[in-house]
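Read left to right, the sequence shown gives residues 0 to 477 (numbering that gives the first Met the number 0).
In this text, a Cβ means the ideal position worked out from N, Cα and C, and glycines have one as well.
Keep in mind it's a predicted model, so treat the numbers as computed, not measured.
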Amino acid sequence: MTGTVTTLSAPRAVLLASALLAACLSALGCGPSGRADVASADLIVTNALVVTMNERRDVIDGGVVVVRGSDIVAVGPASVADGFAATKTIDAGGGIVMPGLINTHTHASMTVFRGLGDDEPDRLRKLIFPLEKALIDRELVYWGGLHGMVEMVEGGVTTFVDMYYFEDEVARAAEKIGLRGVLGETILDFPAPDAPEPYGGLAYGRTFAARYRNHALITPALAPHAPYSLDEAHLRQVAAEAETLDLPVLMHVAEMADEMERFRKERNQTPVEYLESIGFLNRRVLAAHCIFVNDSDIQILKRRDVGVAHAVVANSKSAKGVSPALDMFKQGLRLGLGTDGAMSGNTLDIVGQLGYVAKIHKLNARNRNVMPAVDVVEMATRGGARALHMEDRIGSLEVGKRADLIVLDGDATAMVPRYDVYSALVYAASPKDVETTIVHGRVVMEDRKLVTVDVREVTAKMREIGRRIEAAVAKGFN
Ligand SMILES: [Zn+2]
0 MTGTVTTLSA PRAVLLASAL LAACLSALGC GPSGRADVAS ADLIVTNALV VTMNERRDVI
60 DGGVVVVRGS DIVAVGPASV ADGFAATKTI DAGGGIVMPG LINTHTHASM TVFRGLGDDE
120 PDRLRKLIFP LEKALIDREL VYWGGLHGMV EMVEGGVTTF VDMYYFEDEV ARAAEKIGLR
180 GVLGETILDF PAPDAPEPYG GLAYGRTFAA RYRNHALITP ALAPHAPYSL DEAHLRQVAA
240 EAETLDLPVL MHVAEMADEM ERFRKERNQT PVEYLESIGF LNRRVLAAHC IFVNDSDIQI
300 LKRRDVGVAH AVVANSKSAK GVSPALDMFK QGLRLGLGTD GAMSGNTLDI VGQLGYVAKI
360 HKLNARNRNV MPAVDVVEMA TRGGARALHM EDRIGSLEVG KRADLIVLDG DATAMVPRYD
420 VYSALVYAAS PKDVETTIVH GRVVMEDRKL VTVDVREVTA KMREIGRRIE AAVAKGFN
């Protein structure tokens, strides 16, 4: 036998045995006699290839996940289930069970505009802002948001980060469907659909945040649109209010070529340097895109513990460039994946992003070794949780974390045979392979059927909204 063998000394072995017994007592509710009573649970997922995404990246073949209330109470081999009696069991049928995916940047309600002006330049100013100004109201935000959330649940997303208007309507839709959301009211230096005054989003956001404080699923946030669409005084005010109210801050950063040009010309700074110089950057901030960040910007983001949302598909479609996400990830930044809104990336699921993340960074580096599949799955799960500073609660399947998990079909044609589960997920899986989605211990979709909303109703409503928008566009947005 080669290698190092560690032999436990007798006292250490006894200590370990009593520690294991204590763990058994607390996990299984063993009686004082040591007899293993069966503990109660609400849900057991059995017969699964459990991809835990824990620190050791344990993968358990024939594994189980046990849920009580909103939390995971056990993860392990099949025998672990013997210690529990659950009211519901889901047989994963040999499929993959993994942490729910985290979409760290989207605008769910923009599904109402999906497919408009896809191949046209400067859509933001020519199309998106005018369309939103003319058409966005509470109803569009709610139904568009709900439609986007149906797509996310169907694609295995359990937590999403959203920036939009009437964000309380997005929250109402998230509560209805049962998704976890970090939701920010957009703040801009011009009138917005829900705020007639410039910067009206700040007051709106304050009210929204007060209403959703300490909610189990919704974390309210402030969402200053971008470094160029708020003035310095208001950026400072947003940072101060976020501190006082203890809120996350969501923002598009270093995304546009003209944004870079403007900060270079006016201040001889990058947007990241500018934000740093006004004391804006800290652990509350989640910066979306970061396409045009240089090495020194990356060091600033790291030092300030800023989260980064990497939206590679949306950035490719807009032909803006490839974010140095590979460097940021290697340097240990808090990096997750995002889809952006449906006018940018068109789809809101994360499974569909995985292959692009690997392939675009390989192509960009001309090196097929970089961005291996396991790293991409990490970004989609615990990386996203870290970007949100929520890694103590979500992002991996571990005892004590929230029960946000998904089941993927073990018989999906493109995933058979399955030599490497990370490779299967990144290069072969499709969002349609997600069978079951569980958020906060609640089954939101089972066997591809949404439990909490009537999908036909949502689809019909979206078709009706689509017809209205089509007519408005034909008349020139009015
Ligand atoms: Zn965006």
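Inter-residue spacing [alpha-carbon to alpha-carbon] between A341 and R113: 5 Å
Close-in-space but distant-in-sequence residues of the same chain around A208 (CB under 7 Å, 5 per side omitted): P219, L244 and L246
Please return the same chain residues whose Cβ sits closer than 8 Å to the Cβ of D230, not counting the five positions on each side in sequence. D188
Judging by CA-CA distance, which residue of A308, A287, P226 and V284 is the nearest neighbour of T269? P226
Beta-carbon proximity check, A384 vs M370, cutoff 7 Å: no
C-beta contact flag for A379 and G440 at 7 Å: no
Tell me whether the beta-carbon of R235 lies closer than 7 Å to the beta-carbon of I186. Result no, Cβ atoms of R235 and I186 do not sit closer than 7 Å.
Given the structure, does D339 come close to ligand 1, in the sense that its CB is under 6 Å from one of the ligand's heavy atoms? yes
Which residue or residues does DSSP assign as beta-bridge partners of M480? One cannot answer for residue 480 here, as it falls past the ends of the chain, which runs 0 to 477.
Taking Cβ to Cβ, would you say A202 is nearer than 7 Å to V252? no
Three-state secondary structure (DSSP) of N314: Three-state result, N314: helix.
Given that a residue counts as buried once 16 or more other Cβ atoms are within 10 Å of its Cβ, and exposed if not, what is S17? Its pLDDT being 39, under 50, S17 is placed unreliably in this model, and the value from its coordinates should be taken loosely. With a 10 Å radius around the Cβ and a threshold of 16 neighbouring Cβ atoms, S17 comes out exposed.
Quick check on V160: buried or exposed, where buried means 16 or more other Cβ atoms within 10 Å of its Cβ? buried
Per-residue DSSP class, three states only, for I405: Here I405 carries a strand assignment [DSSP, helix/strand/coil].
With 16 as the cutoff for other CB atoms within 10 Å, does P478 come out buried or exposed? Any property of residue 478 remains undetermined from this structure, which presents the chain solely from 0 to 477.
Output the distance between the C-alpha atoms of D304 and L332, rounded to the nearest integer angstrom. 7 Å
For A470, tell me which candidate among G204, G154, M162 and L130 has the shortest Cα-Cα distance. Comparing Cα positions, the closest option is L130.
Just checking my contact of I437 with G155 at CB under 8 Å: how many whole Å lie between their CB atoms? Not confirmed; about 10 Å, so no contact.
Ignoring anything shorter than 3 residues or poking outside the stretch 389-439, list the beta strand (DSSP E) runs there in chain order. 404-407 and 433-438
When the Cα atoms are used, what is the spatial distance from Y164 to E184? 6 Å
CA-to-CA distance, R417 to L280, given in whole angstroms: 43 Å
Apart from the five residues just before and just after G204, which ones in its own chain have a Cβ nearer than 6 Å to its Cβ? E184 and L221
Going by DSSP, what residue range makes up the alpha helix (DSSP H) through L100? Careful: L100 lies outside any alpha helix (DSSP H), inside the beta strand (DSSP E) at L100 to T105.
Local Cβ density within 10 Å of I468, reported as buried at 16 or more and exposed below that: With a 10 Å radius around the Cβ and a threshold of 16 neighbouring Cβ atoms, I468 comes out buried.
Per the contact definition of three or more C-beta pairs closer than 8 Å, is the stretch 338-354 in contact with the stretch 137-157? yes
Identify whether M444 lies in helix, strand or coil by the three-state DSSP scheme. strand
Roughly how many angstroms lie between the CA atoms of V442 and I71, to the nearest whole one? Each residue's alpha carbon lies about 14 Å from the other.
Does the Cβ-Cβ distance between D446 and E434 come in under 7 Å? yes
How close, in whole Å, do the beta carbons of L42 and V63 come, if the pair is a contact with beta carbons under 8 Å? No, L42 and V63 are not in contact; Cβ-Cβ is about 10 Å, not under 8 Å.
So, are the CB atoms of G147 and T110 less than 7 Å apart? yes
Under the three-state reduction of DSSP, which class applies to M97: helix, strand or coil? In the structure shown, M97 sits in a strand (DSSP, three-state: E or B).
If V425 and G354 are in contact, beta carbons under 8 Å, what's the gap, nearest whole angstrom? 6 Å
Own chain partners of A386 with C-beta closer than 7 Å, once the 5 adjacent residues on each side are dropped: These residues qualify, in order along the chain: T103, L285, G306, V307, A308, R333, L334 and G335.
Kindly provide the ranges of any alpha helix (DSSP H) runs that are 4 or more residues long and lie completely inside the stretch 239-277, ordered along the chain. Note on the stretch 239-277: whole alpha helix (DSSP H) runs with a minimum of 4 residues are 256-266 and 270-276, in chain order.
Take the Cβ of E196 as the centre, count every other Cβ of all protein chains shown within 10 Å, and call the residue buried at 16 or more, exposed below. exposed
Going by alpha carbons, who is nearest to V181 out of T105, A133, K132 and Y198? T105
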